[in-house]
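Below is one structure, written out as structure tokens; comments come after it.
Right, here's the structure in full:
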């Protein structure tokens, strides 16, 4: 999301319904956390991006803990939605992995603020956020592992590792993709190609 679309300071403040204002503030909060960090972003950062007063942000997120909770909840929703779109019984295991990889890559390229918050969250070992990350991590791992197990059971996948081990390797590739987004020499096409090759390696297939 382009910050300029959210926070043009020259534009007059617009009256929004409470629901629309909360959605706007939450989008700005994700950007603020991506820019400033989970441990440092505050209500004033959100207010500046949304072009509203700081008290307006406090009206919707009473404390910093509420703000952190809302942002992490939005990031959870975002990545669970990416996984849910890819992993369902109508797709074969290999197609599910490719779909998940492709959707994650496009998310990383087009909505990097979500990926940046997620990337920091994966290494934030503080007691206030780490247990919640582990819950999200395990939910996504379990979805991937179920697809892989279907592939193992059907003979579509034949690799000498368990479904959960393969799912964890897949998540490791996603982590690498997230880091590549912020490497100045990396291109969008290069990121897409890396993810495709990572899935091939995961499945024990030769790389063309």
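In UniProt numbering, the protein residues as written are 1 to 208. Don't be surprised by glycine CBs; every beta carbon is placed ideally from N, CA and C.
- prompt: Would the region 104-112 and the region 178-197 be scored as touching if the rule is three or more Cβ pairs under 8 Å?
  reply: yes
- request: May I ask you to report which of helix, strand or coil DSSP gives residue 61?
  value: Within the chain shown, the letter at position 61 stands for residue 61. In this structure, residue 61 counts as coil in the three-state DSSP scheme.
field: Residue range of the alpha helix (DSSP H) that includes residue 132
entry: Mapped onto the chain shown, residue 132 falls at position 132. Start and end: 130-154.
- request: Tell me whether residue 191 sits in a helix, a strand or coil according to DSSP, three-state version.
  value: Walking along the chain shown from the start, residue 191 turns up at place 191. Helix.
- request: Provide the residue span of the alpha helix (DSSP H) that contains residue 119, from first to last.
  value: By one-based count along the chain shown, residue 119 stands at place 119. 112-121 is the span of the alpha helix (DSSP H), which, as asked, contains residue 119.
- request: Could you pull out every residue in the same chain whose Cβ sits closer than 8 Å to the Cβ of residue 91, ignoring the five residues on either side in sequence?
  value: The residue labelled residue 91 in the question sits at position 91 within the chain shown. Excluding residues within five positions, the ones whose Cβ falls inside 8 Å are 99, 147.
- prompt: Quick one: what does DSSP say residue 204 is sitting in, helix, strand or coil?
  reply: The residue given as residue 204 occupies position 204 in the chain shown. In this structure, residue 204 counts as coil in the three-state DSSP scheme.
query: Hey, how far is the Cα of residue 121 from the Cα of residue 72?
result: Residue mapping note: residue 121 aligns to position 121 of the chain shown, counting from 1. Residue mapping note: residue 72 aligns to position 72 of the chain shown, counting from 1. Computed Cα separation, rounded: 9 Å.
message: Tell me the DSSP secondary structure of residue 43 in three-state form.
response: Numbered from its first residue, the chain shown carries residue 43 at position 43. Reduced to three states, the DSSP call for residue 43 is helix.
query: Start and end of the alpha helix (DSSP H) containing residue 38?
result: Locating residue 38 in the chain shown gives position 38, counting from the first residue. Looking at the DSSP string, residue 38 is not in any alpha helix (DSSP H), and its letter there is neither H nor E.
task: Could you check what DSSP says for residue 73 in three-state terms: helix, strand or coil?
output: Counting from one through the chain shown, the residue named residue 73 turns up at place 73. Reduced to three states, the DSSP call for residue 73 is helix.
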